[in-house]
Each structure stands twice: as C-alpha cells, then as structure tokens.
Amino acid sequence: MMSEKKTIRLVFPQWQGGVNPKYVFGSRMLAFLAPENNQHETVEVPVMENFAAPLALVGGVEGGDALFTQMEKTTRILKEKDPDHVIVFGGDCAVSQVPFDFLHGKYGDKMG
0 MMSEKKTIRL VFPQWQGGVN PKYVFGSRML AFLAPENNQH ETVEVPVMEN
50 FAAPLALVGG VEGGDALFTQ MEKTTRILKE KDPDHVIVFG GDCAVSQVPF
100 DFLHGKYGDK MG
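In numbering that gives the first Met the number 0, the protein residues as written are 0 to 111.
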C-alpha cells in the first residue's frame, strides 16, 4: 500500500524583492481564494512588514537582509514539515526559489 503524499500550502507574503507592500495582501488573498481543506496544512512564512523601514542594500540586493532571512525561515519550515508537494501563494517572484530547491533536493532529476 502506498503512503499518502503530504502537501503544504505555503503562504509567503514576501514583498521586498518587488519593493511592493501590496504583495503581502495579494499573497493572503490568493490563499483565501484557493479554499483550504483537511488534507493540506497551511503554513505562513513570517515576513518583515514594516513598510516604512528602509530596505538595506545587502550583497547588491535591495532588502537583501529581509529576503535572505525569509528564505532561511522558508527552508526551516520545509525541512521541518518535509512535504512531498508545495503549493505557494506568494508575493514577489522569488517566493518559489526555496520550494523548488527543496523539491529538487528531494526528487533530483525526477522532480517534474
């Protein structure tokens, strides 16, 4: 008998990469529009939401400190939850980077 696959819904309201605080609302709205069910756990990545604070230039990346911290948090969540599938409801275009890397590490060339 095959074991059931574990899927998590990752709400990732990261906005710093696009320097657009509206991405926070957009991420949560997407998660709301895609109804939850009792088979998928929903986890939200905590992001810095002080929109008035200046975004520091770190490693040539505006807001790099927040982005790198949030990526580390995402990595920890995925390692802890160890899902087979990840649905990402995100803000800026970098929100899929860590989930893709995690799944590639899990499935290698068989990821697709």
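Ideal Cβ positions, reconstructed from N, Cα and C, are used throughout, including at glycine.
{"Asked": "Could you tell me the alpha carbon to alpha carbon distance between D83 and G58, rounded to whole angstroms?", "Found": "32 Å"}
{"Asked": "How many whole angstroms separate the CB atoms of F24 and T73, which I take to be in contact at a CB cut-off of 8 Å?", "Found": "Going by Cβ atoms, the distance from F24 to T73 rounds to 19 Å, so no, they are not a contact pair."}
{"Asked": "Do L56 and Q15 have their beta-carbon atoms positioned less than 8 Å apart in this structure?", "Found": "no"}
{"Asked": "Could you have a look at L32 and say whether DSSP puts it in helix, strand or coil?", "Found": "helix"}
{"Asked": "Is the beta carbon of G17 sitting closer than 8 Å to the one on D91?", "Found": "yes"}
{"Asked": "Under the criterion of a Cβ to heavy atom distance below 7 Å, does E40 qualify as lining the ligand ADP?", "Found": "The ligand ADP is not part of the structure shown, which contains no ligands of any sort."}
{"Asked": "For the alpha helix (DSSP H) containing G90, name the first residue and the last one.", "Found": "Element bounds for G90: n/a, residue is neither H nor E."}
{"Asked": "Taking the beta strand (DSSP E) that L54 belongs to, which residues open and close that run?", "Found": "Element bounds for L54: n/a, residue is neither H nor E."}
{"Asked": "Strictly under 8 Å for the Cβ-Cβ distance: is E79 near chain B by that measure?", "Found": "The question asks about chain B, but that chain is absent: this structure has only one protein chain."}
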